[in-house]
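Report on one structure; see the data block that follows.
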Amino acid sequence: MTLDLAGVGAGDFEPHVGSAFAVSGSGDGDGGGGGGFSVVLAEVSRRPAGGPTREPFTLTFAGGPNPPSAQGMHRLEHDVLGGFDLFLVPIGPGADGRHRYEAVFG
Numbered sequence: 002m003t004l005d006l007a008g009v010g011a012g013d014f015e016p017h018v019g020s021a022f023a024v025s026g027s028g029d030g031d032g033g034g035g036g037g038f039s040v041v042l043a044e045v046s047r048r049p050a051g052g053p054t055r056e057p058f059t060l061t062f063a064g065g066p067n068p069p070s071a072q073g074m075h076r077l078e079h080d081v082l083g084g085f086d087l088f089l090v091p092i093g094p095g096a097d098g099r100h101r102y103e104a105v106f107g
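Taking the working numbering, the leading residue of the sequence shown gets 2, the next gets one more, and so forth.
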């Protein structure tokens, strides 16, 4: 199953906070190569809507390799949501020391 990101909203991800996602792709922009790692969806943050489009939101993931993977396209796989490609940006370690990655939906 592949998740269609064109129509998703924060509510599609909120039930999965705390669950694991398998990540593949090198972060070099093409989503290919590189080793895989696992992250946990740590937070879903809703943002104020700026127009008639969908409500913007941000996904924050925790975990991954040390040093963190570079920003870029990564393939994520989830037991319920299926597979999809996201542009992940490393945003530094959280209070727990785990690396954090962010994906923004506008």
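Positions of the beta carbon are idealized from the N, C-alpha and C atoms, including for glycine. A quick note: this is a predicted structure, and the numbers were derived from the prediction, not measured.
For Leu89, the closest alpha carbon among the candidates Ala43, Phe62, His79, Pro57 is that of Phe62. For Met74, the closest C-alpha among the options Gly26, Gly83, Leu60, Arg47 is that of Gly26.
Excluding the 5 residues flanking it on each side, Gly84 has same chain C-beta neighbours closer than 6 Å at Thr3, Glu78, in chain order. A Cβ-Cβ separation of about 18 Å leaves Ser46 out of contact with Gly64 under the 8 Å criterion. Ala11 has its alpha-carbon roughly 20 Å from the corresponding atom of Ile92.
In terms of Cα proximity to Phe22, the closest of Gly37, Pro94, Gly107 is Gly37.
In terms of Cα proximity to Ser70, the closest of Tyr102, Glu15, Ser20, Gly8 is Tyr102. DSSP, read as helix, strand or coil, puts Asp13 in helix.
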